[in-house]
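Presented below is the structure to which this report refers.
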Amino acid sequence: MDSILVRGNGALSGAIPIAGAKNACLTLMPATLLSDEPLTLTNAPRLSDIATMTQLLQSLGAEVAALADGQVLAMSSHKISNHTADYDIVRKMRASILVLGPMLARDGHAVVSLPGGCAIGARPVDLHLMALEAMGAELDLRDGYVHAKAIGGKLKGAVVDFPFVSVGATENALMAATLAKGTTVIKNAAREPEIVDLAQCLRKMGAQIEGEGTATITIQGVDRLHGATHPVVTDRIELGTYMLVPAICGGEVECIGGRLDLVGAFAERLDAAGVSVTETARGLKVSRKNGRINAVNVMTAPFPGFPTDLQAQMMALLCTADGVSVLEERIFENRFMHAPELTRMGAKIEVHGGTAKVTGVSKLKGARVMATDLRASVSLILAALAAEGETVVSRVYHLDRGYERVEEKLRACGAQIERIKA
Ligand code: EPZ
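Going by our numbering, the sequence shown wraps up at 444, each residue one higher than the last.
Structure follows, in C-alpha cells:
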C-alpha cells in the first residue's frame with residue numbers, strides 16, 4: 023500500500039485545476055443502462071472509483087471506453103446481458119447500488135448485492151428500496167442480495183416521500199422514474215448539484231423532469247430514452263478541499279473551474295474564519311484576509327448546507343485557528359476518524375458522539391498517520407502541508423478514490439509532497 027510523504031513548506035501559491043465531480047460521475051454512468059443508445063460523458067475525473075464503476079457496468083454487458091486519457095467515457099448498453107451486480111465489485115464501492123434503479127426501469131428485473139457498511143457508518147439502503155417498492159418493485163432480500171422485479175414487468179409512477187434526505191436514494195428513484203409508466207413525485211428530494219447534473223443529463227436523453235435542485239422533483243415517465251453527450255459538473259468537494267490549501271498554509275491559490283454557487287455554505291464558513299474567496303474569470307481565488315484564522319462552528323447538513331464531505335478538511339484548518347471551534351457531524355454516525363490522527367500531529371480535539379470540539383494550537387507537528395477513509399485522508403494531507411517537519415500518510419488508496427493527481431496539483435503550488443510506492 024502506497025504512502026505519501028509531505029514536508030511542511032510554508033505558504034503555497036499557484037493555480038489548481040478542479041476535475042469533474044466523482045459523485046456526479048458515479049450516478050451519471052449507471053444512466054447508460056436506461057438507453058440502448060450511446061451516452062458519452064466529458065470532463066470525467068480519473069479516479070479508482072470511476073474504474074470500479076466501469077468494471078461493474080461492463081460486467082452487466084455495457085460497453086465503456088475511457089478516451090482522452092480517461093476524461094471522456096464513451097458508454098453504450100444495447101442490451102443488459104447480465105442483471106446481477108456481484109458482491110465482489112459492490113463491496114468495493116457503495117455507489118454500485120445505483121445500477122438497481124436503471125436496470126429495473128429498463129428490463130423490469132435486477133439482482134444487486136447489498137453494499138454493506140463502510141468506515142463512516144452503516145449506510146443502509148432502505149430508502150432506495152422504499153422508493154422502488156413505491157414504484158411497483160417486488161424486493162426479496164436474501165443471501166446478501168436484493169432480488170428485484172417490477173410487478174407486471176414495468177415500474178409505475180408513484181409519490182415517493184423520503185423521511186429524510188438521501189442523495190443516493192434520490193438518484194435511484196429519479197433514474198427509475200424516467201421510464202416508469204405515469205408520473206412520479208419525489209418529495210424531500212436531495213438538492214445536491216450532482217442531482218441537478220443527473221437531471222440535466224437525463225433530460226438530454228429525453229426524460230421529462232421538473233424541479234431538480236428543489237425538495238420536490240416531478241418526473242413524467244417516457245417509453246424510451248435516447249443517447250446524449252454530457253459534461254460532468256465540477257467537483258465541489260475537490261474544489262473545497264483545495265480552497266483550504268491557502269487557508270491552512272497561507273499564500274494564494276486560484277482554483278480553475280471553481281464556481282461559488284457549488285460551495286456557498288462552505289465559502290461562508292471560510293469567510294467567517296478569515297479567508298477571502300473571490301470569483302475570477304477562471305474560477306475562485308482564495309487567500310487569508312489578514313494572516314490569522316478565527317475559530318468557527320460548523321454543522322454539516324444536506325445541500326445547500328455545509329457538506330459532510332468537507333467536514334474533515336475543515337477540521338484540519340480549525341486545528342490551528344485562534345480559539346475553540348465546534349464541529350457537528352449530522353449526516354454520518356462515525357465521521358471523525360481523522361481526529362485521532364490529527365491529534366498525533368499535536369491537535370487538541372475532543373470528540374463526543376457527533377460533536378468534535380477543536381481547541382486551536384499554534385502549529386501542528388509532522389508525524390506518521392494513517393488514512394481511514396477518503397475525506398479523512400485528504401484532511402491529513404492538508405494538515406501535513408502546514409505542519410512543522412515531515413508527515414507520512416499511509417493507506418493512501420483511500421485518497422486515490424476521490425482525488426486525481428494530488429501530488430502533481432499540490433507540487434504546482436510549491437508543496438513538498440511525494441508518493442512512496444509500497
Ligand atoms: C452520497 O452518499 C455521497 N456519495 C457521499 O460522498 C456523501 O457523503 C453523501 O451523499 C451525503 O452528501 C456518492 O454520491 C457516491 P445519503 P449517499 O444517502 O448517497 C442515511 C464521499 O466522500 N441513509 O445522502 O450514500 C446514510 O446512512 C462520499 O464522496 C439511510 O439511512 O448518502 C447517511 O447517514 C462519502 N438509508 C444519510 O442517510 C438510505 O437508504 C445520508 O446518506 C440511504 C441513506
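Each residue gets a CB set at the ideal place from its N, CA and C atoms; glycine is no exception.
#### Entry: Test item: CB-CB of LYS311 and GLY327 under 8 Å
Judged by beta-carbon spacing, GLY327 lies beyond the 8 Å limit of LYS311, meaning their Cβ atoms are not closer than that value.
### Query
So, is LYS443 buried or exposed, given that buried needs 16 or more other C-beta atoms within 10 angstroms?
Exposed: under 16 other Cβ atoms inside 10 Å.
### Query
With respect to the beta strand (DSSP E) encompassing GLN438, which residues constitute its N-terminal and C-terminal limits?
Per DSSP, GLN438 belongs to the beta strand (DSSP E) from 438-442.
### Query
Cα-Cα, which of ALA237, THR206, LEU61 is closest to GLN230?
Per the C-alpha coordinates, the member of ALA237, THR206, LEU61 positioned closest to GLN230 is THR206.
### Task
For the beta strand (DSSP E) holding THR206, just list the boundary residues, first then last.
Per DSSP, THR206 belongs to the beta strand (DSSP E) from 205-209.
### Query
Helix, strand or coil: which one does DSSP assign to GLN222?
Assigned with DSSP and collapsed to three states, GLN222 falls in helix.
### Query
Cβ of VAL254 versus every heavy atom of the ligand EPZ: is any distance shorter than 7 Å?
Not a single heavy atom of the ligand EPZ lies less than 7 Å from the C-beta of VAL254.
### Query
Where ALA269 and ARG281 are concerned, what is the direct C-alpha to C-alpha distance, given to the nearest angstrom?
Each residue's Cα considered, the two are about 18 Å apart.
### Query
Could you give the C-beta distance for VAL418 and SER399, rounded to a whole number, given that I count them as a contact under 8 Å?
Contact holds; Cβ gap of about 6 Å.
### Query
Do the CB positions of GLY30 and LEU407 come within less than 8 Å of each other?
Yes, the Cβ-Cβ distance between GLY30 and LEU407 is below 8 Å.
### Task
To the nearest angstrom, report how far apart GLY32 and PHE288 are at their CA atoms.
Put simply, the backbone Cα of GLY32 is about 24 Å away from that of PHE288.
### Message
Applying the 10 Å Cβ sphere with the 16-neighbour rule, what's the burial state of PRO146?
### Response
Of the residues assessed, PRO146 falls on the exposed side of the cut-off, its CB having fewer than 16 other CB atoms within 10 angstroms.
### C-beta atoms of LEU349 and ALA378 nearer than 8 Å
ALA378 sits close to LEU349, with the two beta carbons spaced by under 8 Å.
### Query
Sorry if obvious, but does the Cβ on THR330 come closer than 7 Å to a heavy atom of the ligand EPZ?
It does: the Cβ of THR330 is within 7 Å (strictly closer) of some heavy atom of the ligand EPZ.
### Query
Taking the alpha carbon of GLY175 as the point to measure from, which residue in ILE315, MET51, MET157 has its own alpha carbon closest?
It is MET157.
### Query
Is the beta carbon of LEU261 within less than 7 Å of some heavy atom of the ligand EPZ?
Incorrect: LEU261 has no Cβ contact closer than 7 Å to the ligand EPZ.
### Query
Taking the DSSP output, what are the residues bridged to PRO253?
In DSSP, PRO253 forms a bridge with THR64.
#### Entry: Extent of the continuous alpha helix (DSSP H) to which LEU282 belongs
That residue, LEU282, is in no alpha helix (DSSP H); it is neither H nor E in DSSP.
### Query
Is VAL187 near the ligand EPZ, judged by its Cβ being under 7 Å from some heavy atom?
It does: the Cβ of VAL187 is within 7 Å (strictly closer) of some heavy atom of the ligand EPZ.
### Query
Quick one: what's got a C-beta closer than 7 Å to CYS223's C-beta in the same chain, skipping five residues either side?
So the qualifying residues of the chain are LEU50, ALA53, ALA250, HIS252.
### Task
Output the residue ranges of the alpha helix (DSSP H) runs that lie fully inside the stretch 283-329 and measure 4 residues or longer, sorted by chain position.
Runs found: 286-294.
### Message
Please classify SER103 as buried or exposed, where buried requires at least 16 neighbouring CB atoms within 10 angstroms.
### Response
Flag for SER103 reads exposed.
### Message
Excluding the 5 residues flanking GLU274 on each side, which residues of the same chain have their C-beta closer than 8 Å to its C-beta?
### Response
These residues qualify, in order along the chain: SER35, PRO268, LYS307, VAL308, SER309.
### Separation of CYS47 from LEU120, as counted between CA atoms
Distance between the alpha carbons of LEU120 and CYS47: 11 Å.
### Query
Between LYS385 and the ligand EPZ, is the CB less than 7 Å from at least one heavy atom?
Remark: the C-beta of LYS385 is outside contact range of the ligand EPZ, defined as less than 7 Å to any heavy atom.
### Of the listed residues ARG423, THR394, GLU426, nearest to VAL415 (C-alpha basis)
Checked all of ARG423, THR394, GLU426; the closest Cα to VAL415 is THR394.
### Task
Less than 8 Å between the CB atoms is what I'm expecting for MET115 and THR74, so what's the real figure, rounded?
About 5 Å; that satisfies the 8 Å criterion.
### Query
Would a check of beta-carbon distances place MET227 closer than 8 Å to chain E?
Reference to chain E is not applicable here, since this structure consists of a single protein chain.
### Message
Here's the rule I'm using: 16 or more other beta-carbon atoms within 10 Å means buried, otherwise exposed. How should MET125 be labelled?
### Response
Residue environment: MET125 is assigned as buried (16 or more neighbouring CB atoms within 10 Å of its CB, all protein chains considered).
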